[in-house]
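The numbers in the UniProt record's numbering rise by one with no breaks, and the one at position 360 of the sequence shown is 360. All C-beta atoms in this analysis are idealised placements derived from N, C-alpha and C, irrespective of residue type, glycine included.
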Amino acid sequence: LKVSGHSFSALTVPHPILNACFCDCLQNDYHFEYTECDSSGSRWRVAIPNSAVDCSGLPDPVRGKECTFSCASGEYLEMKNQVCSKCGEGTYSLGSGIKFDEWDELPAGFSNRVTNANASWFCFHSSSWVPRGNYIESNRDDCTVSLIYAVHLKKSGYVFFEYQYVDNNIFFEFFIQNDQCQEMDTTADKWVKLTDNGEWGSHSVMLKSGTNILYWRTTGILMGSKAIKPVLVKNITIEGVAYTSECFPCKPGTFSNKPGSFNCQVCPRNTYSEKGAKECIKCVLGKFSFEGSSECLARPPCTTKDYFQIHTPCDEEGKTQIMYKWIEPKICREDLTDAIRLPPSGEKKDCPPCNPGFYNNGSSSCHPCPPGTFSDGTKECRPCPAGMEPALGFEYKWWNVLPGNMKTSCFNVGNSKCDGMNGWEVAGDHIQSGAGGSDNDYLILNLHIPGFKPPTSMTGAMGSELGRITFVFETLCSADCVLYFMVDINRKSTNVVESWGGTKEKQAYTHIIFKNATFTFTWAFQRTNQGQDNRRFINDMVKIYSITATNAVDGVASSCRACALGSEQSGSSCVPCPPGHYIEKETNQCKECPPDTYLSIHQVYGKEACIPCGPGSRSTQDHSVCYSDCFFHHEKENQSLHYDFSNLSSVGSLMNGPSFTSKGTKYFHFFNISLCGHEGKKMALCTNNITDFTVKEMVAGSDDYTNLVGAYVCQSTIIPSESKGFRAALSSQSIILADTFLGKVWEQLYPGYLCLCDLCPVCSVKCHLPCNRSSTTTTSCVNGRSTAVKMRCNPTKPGAGVISVPSKCPAGTCDGCTFYFLWESAEACPLCTEHDFHEIEGACKRGFQETLYVWNEPKWCIKGISLPEKKLSTCETVDFWLKVGAGVGAFTAVLLVALTCYFWKKNQKLEYKYSKLVMTTNSKECELPAADSCAIMEGEDNEEEVVYSNKQSLLGKLKSLATKVRAEF
Numbered sequence: 001l002k003v004s005g006h007s008f009s010a011l012t013v014p015h016p017i018l019n020a021c022f023c024d025c026l027q028n029d030y031h032f033e034y035t036e037c038d039s040s041g042s043r044w045r046v047a048i049p050n051s052a053v054d055c056s057g058l059p060d061p062v063r064g065k066e067c068t069f070s071c072a073s074g075e076y077l078e079m080k081n082q083v084c085s086k087c088g089e090g091t092y093s094l095g096s097g098i099k100f101d102e103w104d105e106l107p108a109g110f111s112n113r114v115t116n117a118n119a120s121w122f123c124f125h126s127s128s129w130v131p132r133g134n135y136i137e138s139n140r141d142d143c144t145v146s147l148i149y150a151v152h153l154k155k156s157g158y159v160f161f162e163y164q165y166v167d168n169n170i171f172f173e174f175f176i177q178n179d180q181c182q183e184m185d186t187t188a189d190k191w192v193k194l195t196d197n198g199e200w201g202s203h204s205v206m207l208k209s210g211t212n213i214l215y216w217r218t219t220g221i222l223m224g225s226k227a228i229k230p231v232l233v234k235n236i237t238i239e240g241v242a243y244t245s246e247c248f249p250c251k252p253g254t255f256s257n258k259p260g261s262f263n264c265q266v267c268p269r270n271t272y273s274e275k276g277a278k279e280c281i282k283c284v285l286g287k288f289s290f291e292g293s294s295e296c297l298a299r300p301p302c303t304t305k306d307y308f309q310i311h312t313p314c315d316e317e318g319k320t321q322i323m324y325k326w327i328e329p330k331i332c333r334e335d336l337t338d339a340i341r342l343p344p345s346g347e348k349k350d351c352p353p354c355n356p357g358f359y360n361n362g363s364s365s366c367h368p369c370p371p372g373t374f375s376d377g378t379k380e381c382r383p384c385p386a387g388m389e390p391a392l393g394f395e396y397k398w399w400n401v402l403p404g405n406m407k408t409s410c411f412n413v414g415n416s417k418c419d420g421m422n423g424w425e426v427a428g429d430h431i432q433s434g435a436g437g438s439d440n441d442y443l444i445l446n447l448h449i450p451g452f453k454p455p456t457s458m459t460g461a462m463g464s465e466l467g468r469i470t471f472v473f474e475t476l477c478s479a480d481c482v483l484y485f486m487v488d489i490n491r492k493s494t495n496v497v498e499s500w501g502g503t504k505e506k507q508a509y510t511h512i513i514f515k516n517a518t519f520t521f522t523w524a525f526q527r528t529n530q531g532q533d534n535r536r537f538i539n540d541m542v543k544i545y546s547i548t549a550t551n552a553v554d555g556v557a558s559s560c561r562a563c564a565l566g567s568e569q570s571g572s573s574c575v576p577c578p579p580g581h582y583i584e585k586e587t588n589q590c591k592e593c594p595p596d597t598y599l600s601i602h603q604v605y606g607k608e609a610c611i612p613c614g615p616g617s618r619s620t621q622d623h624s625v626c627y628s629d630c631f632f633h634h635e636k637e638n639q640s641l642h643y644d645f646s647n648l649s650s651v652g653s654l655m656n657g658p659s660f661t662s663k664g665t666k667y668f669h670f671f672n673i674s675l676c677g678h679e680g681k682k683m684a685l686c687t688n689n690i691t692d693f694t695v696k697e698m699v700a701g702s703d704d705y706t707n708l709v710g711a712y713v714c715q716s717t718i719i720p721s722e723s724k725g726f727r728a729a730l731s732s733q734s735i736i737l738a739d740t741f742l743g744k745v746w747e748q749l750y751p752g753y754l755c756l757c758d759l760c761p762v763c764s765v766k767c768h769l770p771c772n773r774s775s776t777t778t779t780s781c782v783n784g785r786s787t788a789v790k791m792r793c794n795p796t797k798p799g800a801g802v803i804s805v806p807s808k809c810p811a812g813t814c815d816g817c818t819f820y821f822l823w824e825s826a827e828a829c830p831l832c833t834e835h836d837f838h839e840i841e842g843a844c845k846r847g848f849q850e851t852l853y854v855w856n857e858p859k860w861c862i863k864g865i866s867l868p869e870k871k872l873s874t875c876e877t878v879d880f881w882l883k884v885g886a887g888v889g890a891f892t893a894v895l896l897v898a899l900t901c902y903f904w905k906k907n908q909k910l911e912y913k914y915s916k917l918v919m920t921t922n923s924k925e926c927e928l929p930a931a932d933s934c935a936i937m938e939g940e941d942n943e944e945e946v947v948y949s950n951k952q953s954l955l956g957k958l959k960s961l962a963t964k965v966r967a968e969f
C-alpha cells in the first residue's frame, strides 16, 4: 500500500514476498556510479543501491561529466553534485590516480598466479608474492609467479612503482596485457633493470585507455644450494583512472594535517598514529617508537648490545682514547634494576703509526707524502733516487681514523632506523662493522679511486693488468650473515663481484683491474636477511685488517721502483718503454723481450721480467700474451709430425644436457671454445640475452659492463622457452672459463688419438690441448678455473667435427674448477708425410711395368703432401727368361748323365787291372820262384797291352793322395 509516496504493510501474516518493506531509499542506502562511455564520449550518473538494502525511489539518472574529466591532486569527485572537493584532514588523494603503499595484506584487486602451465605441484601451492608491511616480496624459489592487477583507465596514463632487484639469479619482468590477454606493447623492454644492494630503483610505463592488466613476474634460477634474494616492490601508483570518488585515509604511522593533501607525512621518532590520523601522538614516558610507527613500545633495560666503542683521533702526544657510546637512537633504560651502565671512557693508548705513504708532521694527524716522495709510515717522506719512480697506491693497515677517500653509511630496506649512523667503526689494527639499527641493516663501506694507471715504464703495454685491490678480512657470525664485495665503474651501476656467507677465517681476496676508469669499491655487511626489529645478532661482525690498491692515480708511495731512463743522460727523468720491452739492469734502458716470451704484468726490471711462453705457444708482437698459432710440430721415432688446426680456429660450440634443478627446471650448459689463431684475441663470446642490465659482466678492454663475455673458453646457461613460459630461450650466467693460454704438448695414447697439452698446475690429466686458465678467482676456485681440450684425430668427422664432455662429468667439470672437452675432427690429424703411404708394383706387360702409391690403412693424416703420380718403367717379360732357363737346365742334365756313364765305365776297367795286379803279386811270393826272364817267348802273342802314361788321371790322383796320407801315419 503506497500513500503519499510512503509504503506501508497492511498484512500481519508473514509471507515470503509480501513481507518485504519497500521504503524510500535514504542517502546512505545507495551510491552513485557512472555508466560506460558511449561512442560520443558521454555518460550518465546513476544511483546504485548498496548491498543488502531493499528500497525504492532512487534518484533519476542525470547526464554525467565528460569521460576524460578528472580532479586535481588532493581532491575527489563528490558524486552527488558532480564537483571536485578537497580531501579532509587525515586523508589524501592523487586526483586521477590510485596508490598502493600498505602491504600488511594483499590489497583488493591484486592476485597471485603461477603463470607456467608446466610448473610443479609445489609451485601451485607454496610459491607466491608475500606482503611485508611497507613492501611486497617475490618468491625465492625457481617457480614462475606473477603479481597481477587489472585496472580500467578512462584516459591514457602511466604506472609507476619502486623496486629493489639485486640478484641476477632471478628474472624480473613487468609487462601489460589487455582484456584479451594480449601484450599491449610487444616492442617495449619488459626486463627490469638491476639495482644496487640497498638501493630502491623506479620503473614507469605508459598505459593506454581501456583495460590494462599489469604483471610483475619473477622466475628464480636455482643452480645450486645458494639462496636467491627476492625482488621487493612498493609504492605502486597508477595514473589515468579519470576520477576518484573518495579520499584515501593515511596509513598507520603517517598523518595529514591540511585539507587537500596529495600524500601523508611520516610520524617522527617517539610518536605514533593510527589509520586516518590528523596528527601524531607522542609516546608516554618509558616508551619509544621509531619513525613511522603505529604504536609505542616499552623501553627495555640496557645491555652490552646497546653500546659500542670507538677510537678518537690521535692527540699531540700520539695517544688515542677509547670511548664508549650508546647506539643512537638510544631506546634502552639505565634506571632499571637489571640494566648495565656505560663503561667509563677515556683510556689512552699509543696511536698506531701512519699508513704507508703517509707521514706525521708533528701534528695529531697523518698527511700524504708529496708527489715524487715515499715513506713507510714511520719515517719522513724522501724523494726517490735517480732511475726510480714512486710506486703509487694505497695500503691501509692502521685504522685510527677513516681515510679521506673512504666513507661509511647504514641502510635498511624496510625502515630508516639507521639512517645517519656509521656502518663501520675503526678499531686500531682493523675496521669492523658497526652496530646499526636492526639486524637486517646493510652496513656499507666505500672506497673511491678516480682511476688506475700502470707504471711509467709500462704505459705502452696493451691489454695488461692496470692494478689490483686486495683486502684481508674475517667474519664472525652466529646467523646467516653475508659480506658483499661490489664494484662500481664510472658511477653507473654497482655489480656484486663476490660474497661470503657465515663465519669465515682470516683470508685475503684480490680483484684485478683491467680498465682505467673511476672505481668505487663497496663492502656491504648484513647480519641476517630476515625482516625483524629486534637485535639478536649484534655481536655478529666482519673485520677488515688491510686494504691495498696498486697503481692508483691519486695514490701515495710507500716505496720506489726502477724505471727506464732517457738515452741522453743517466740522470734524465723516467720514460715509458715501448710495448713488450723490459728495463735492462745495467743501463736502465728499454730492451725488447726475446721471441716467444711475454712481459710480466707485475715488474719490468731485468730480463727475468720476460717470461717464456708455454710449450707449443708463441707471443704476440707486443709480448703481452701467449697464444696458439694453430701449428704444432713434434719429433717421434725419427719421424716429424706436423699439425695444422687453422680450420678449427673458428669458435667451436657445444650445448650439453639437459640438466634439471631440484625443482625440475630444465636448462642447458652452452660452451664456446676459441682454440687458436687470431693473434691471441679472445674470440669466444657468451651472451646474456635478457637485457644489458640484468647480468653485468666486465671484460678487459671493453665497455664498463656488457652482456658479452669474451674469452678463450666461456659458458652460458640456456633456459629453453618451454621451461619457464618465455617467448624465447634465455641465456644468462655467462662466465669465463679460460682467458690465459698456457701451452700444449704431445702424447700418443693409441693410433689416431693425439693429445696436446700443458702441464697445468691444477690439471690431473697429462694429455690436453690446449690448457687454458681463467684469472678470475672465486671462493670455490681459489686458483681460478682451468680448461683442457683434448684433440682426437677422427677421419670420419670432417670439418669442425664434434665437441663432447666426459660421461662422468656431463657439465664438463666434476669440481666446478677444472673443465675437460674432447674435440674430434679430421682436422686434428697430422699432416701427411712420405711415411703415410706405400707403393704397389704392377705386372710387367709388353716390356713395361706400373708402380702405384696408396695411403696406409687406416689413414691418420690429412693435407700435407699428396700421393705421388704412378710410375711407368721398362722390364723384360717372364716367357723369355723361362725358355733360357729351360734350355740351360736340359743341357746341364744331359752333360751330367754323360759324365756319370763315362766315369762309371772307367772305374770298372781300373778295378779289373788293380785286382789282377794284386793276384800276380801274391802268386810270386807264395808258389813259384821268380822267373829268370820276363821277356815274351818266341812265338807267344802279347795278349794284353798295357800303356803307361806319366800323366795321372783324376782317379789316380785321388788314390795317390790317399796312399800318401796313410804313409804319413
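Going by DSSP, which residues form a beta bridge with residue i?
i: V130; result: E137
i: D24; result: S56
i: V496; result: M486
i: E476; result: Note on identity: in this sequence residue 476 is Leu, with Glu being the wrong assignment. Looking at the DSSP assignment, L476 forms a beta bridge with M541.
How about residue i and residue j: are their beta carbons less than 9 Å apart?
i: D429; j: Q530; result: no
i: F741; j: C714; result: no
i: V805; j: L654; result: yes
i: V192; j: I176; result: no
i: R527; j: D540; result: yes
i: D488; j: T520; result: yes
i: L648; j: C676; result: yes
i: H642; j: P830; result: yes
i: G74; j: F262; result: yes
i: E137; j: K258; result: no
i: C593; j: G606; result: no
i: S42; j: E78; result: no
Run through DSSP, which three-state label would residue i get?
i: Y902; result: helix
i: L759; result: The pLDDT assigned to L759 is 32, lower than 50, so where the model puts this residue is not dependable; a value taken from the coordinates is nonetheless given after this. L759 falls in the coil class under three-state DSSP.
i: T304; result: helix
i: T237; result: strand
i: V894; result: helix
i: G889; result: helix
i: C123; result: helix
i: C818; result: Correcting the residue type first, residue 818 is Thr in the shown sequence and not Cys. Note: T818 maps to strand in three-state DSSP.
i: V205; result: strand
i: Q849; result: strand
i: Y705; result: The predicted model places Y705 with a pLDDT of 40, which falls under 50 and marks its position as unreliable, so this point remains unresolved.
Could you tell me the distance, in whole angstroms, from the CA atom of residue i to the CA atom of residue j?
i: I148; j: F471; result: 45 Å
i: Y484; j: G436; result: 17 Å
i: residue 983; j: Y914; result: Within the shown structure, residues of the chain are numbered from 1 to 969, placing residue 983 beyond reach of any answer.
i: P751; j: I718; result: Annotation note: pLDDT 40 at P751 (below 50); position unreliable, coordinate value reported separately. Their Cα atoms are separated by approximately 37 Å.
i: M388; j: A711; result: 36 Å
i: L872; j: E839; result: 13 Å
i: F394; j: E498; result: 21 Å
i: M421; j: D441; result: 11 Å
i: P383; j: F374; result: 6 Å
**Study point:** Entirely enclosed beta strand (DSSP E) segments - the segment 632-677, minimum 3 residues
**Key:** 639-644, 652-660 and 666-673
Exercise for review: With a floor of 4 residues, list each alpha helix (DSSP H) that falls wholly inside the segment 403-448, ordered by position along the chain.
Suggested key: Within the segment 403-448, no alpha helix (DSSP H) run of at least 4 residues lies entirely inside it.
Review point. In chain order, which alpha helix (DSSP H) runs of at least 4 residues are fully inside the segment 535-561?
Key: none
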